[in-house]
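Respectively, the protein sequence lines represent chains E and L.
All residue numbers for the first sequence refer to the working numbering, where the first residue is 1 and numbers rise by one.
All residue numbers for the second sequence refer to the working numbering, where the first residue is 115 and numbers rise by one.
Heads up, the beta-carbon is just placed ideally off N, CA and C, and yes, glycines get one too.
Predicted, not measured: the structure shown is a model, and the values here were computed from it.
Below: the structure, in structure tokens.
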Amino acid sequence: DTEVTQTPKHLVMGMTNKKSLKCEQHMGHRAMYWYKQKAKKPPELMFVYSYEKLSINESVPSRFSPECPNSSLLNLHLHALQPEDSALYLCASSQGSGLRQPQHFGDGTRLSIL
Amino acid sequence: QQPVQSPQAVILREGEDAVINCSSSKALYSVHWYRQKHGEAPVFLMILLKGGEQKGHEKISASFNEKKQQSSLYLTASQLSYSGTYFCGTEPRNYGQNFVFGPGTRLSVLP
């Protein structure tokens with residue numbers, strides 16, 4: 001069990017669908033992250049929110065839209081995805097606003113694009 | 115920008131030791147180490163923030179040579195539970211460059 005909860009665990013969607021991934025943590029962490037991980041590859045940083053403000057956007061295509069409604073929640077809105085976007089999407093959180101803190105990962109959402 | 119890890123894979127017998135190396139071409143603020151088991155989330159092991167720093171817990175320790183931008187993870191008297199993929203993550207000093215994981219080292223511990 002992890003203290004970062006991601007829903008859903010699995011998601012299958014067509015290229016024209018709109019869906020959202022959700023992430024929640026109740027550890028009082030003020031930084032939250034989205035990563036994309038392909039099979040047998042390391043996680044790739046997509047977005048970082050620090051104190052509910054987007055602080056890092058790693059040139060992610062606009063079909064991925066992050067949102068941080070409050071310090072405990074992080075969403076990733078998906079629209080018009082491509083088959084190559086199929087991957088495991090991991091959420092993580094850490095104390096403070098910097099990258100010099102341990103990151104706590106959720107179990108991820110496995111996304112398949114048809 | 116991605117750090118280099120070596121070896122790519124290693125197979126050990128229970129009780130043997132292993133060293134995993136991570137090196138970057140960039141000056142670094144910090145080096146993180148994570149372990150990910152198949153089908154599971156990455157789990158934080160340790161973070162090193164200062165040059166020459168060495169940290170550890172139980173039988174896993176790590177060092178960070180700031181001048182060489184290198185870090186090593188030491189696993190002693192390996193246990194079956196150590197199996198998994200080990201990733202180093204580096205935070206460069208240069209403005210505009212962000213946290214990035216290395217390609218990973220797959221460790222298998224056999225009975």
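Assign L76 (chain E) to one of three DSSP states: helix, strand, or coil. For the purposes of this step, residue 76 (chain E) is taken as residue 76 along the first sequence, with counting starting at 1. L76 (chain E): strand per DSSP, three-state reduction.
When you compare the segment 141 to 160 of chain L with the segment 8 to 28 of chain E, are there three or more beta-carbon pairs, one atom per stretch, that lie closer than 8 Å? no
Beta-carbon of Q115 (chain E) versus every beta-carbon of chain L: anything under 9 Å? This structure leaves residue 115 (chain E) out entirely; chain E is present only between 1 and 114.
Taking 9 Å as the cut-off, decide whether the C-beta atoms of E180 (chain L) and L126 (chain L) are in contact. As a working note, residue 180 (chain L) is residue 66 in the second sequence. As a working note, residue 126 (chain L) is residue 12 in the second sequence. Contact check for E180 (chain L) against L126 (chain L) fails: the beta carbons are separated by 9 Å or more.
Can you list the residues of chain L that L90 (chain E) reaches, using a CB-CB cut of under 8 Å? Walking along the first sequence from the start, residue 90 (chain E) turns up at place 90. Within chain L, the residues near L90 (chain E) are A155 and P156.
Using a Cβ-Cβ cut-off of less than 7 Å, give me the residues of the segment 25 to 53 of chain E that come near chain L, in sequence order. P42, P43 and L45
For chain E, is any of its Cβ atoms less than 9 Å away from the one on S144 (chain L)? Your numbering for residue 144 (chain L) matches position 30 in the second sequence. At least one chain E Cβ lies under 9 Å of S144 (chain L).
So, helix, strand or coil for Y33 (chain E), using DSSP? Taking the first residue of the first sequence as position 1, residue 33 (chain E) is located at position 33. Looking at Y33 (chain E) - three-state DSSP - the assignment turns out to be strand.
Using a Cβ-Cβ cut-off of 6 Å (strictly less than) and excluding sequence neighbours within five positions of P217 (chain L), which residues of its own chain qualify? Against the second sequence, residue 217 (chain L) aligns to sequence position 103. Closer than 6 Å at Cβ, skipping near neighbours: Q119.
Quick one: residues in its chain with C-beta nearer than 8 Å to the C-beta of M15 (chain E), no 5 flanking neighbours on either side, listed in chain order? Within the first sequence, the letter at position 15 stands for residue 15 (chain E). So the qualifying residues of the chain are A80, L81, Q82, P83, I113 and L114.
What does I56 (chain E) touch in chain L if you count any residue whose Cβ is under 9 Å from its own? Counted from its first residue, the first sequence places residue 56 (chain E) at position 56. The contacting residues are N212 and F213.
Between L74 (chain E) and Y49 (chain E), how many whole angstroms is the CB-CB distance? I'm expecting something under 8 Å. To locate residue 74 (chain E), count along the first sequence from 1; it is residue 74. To locate residue 49 (chain E), count along the first sequence from 1; it is residue 49. The pair is a contact, with the Cβ atoms about 6 Å apart (cut-off 8 Å).
For E84 (chain E), the three-state DSSP class (helix, strand or coil): For the purposes of this step, residue 84 (chain E) is identified with residue 84 of the first sequence, where counting begins at 1. Three-state DSSP puts E84 (chain E) in a helix.
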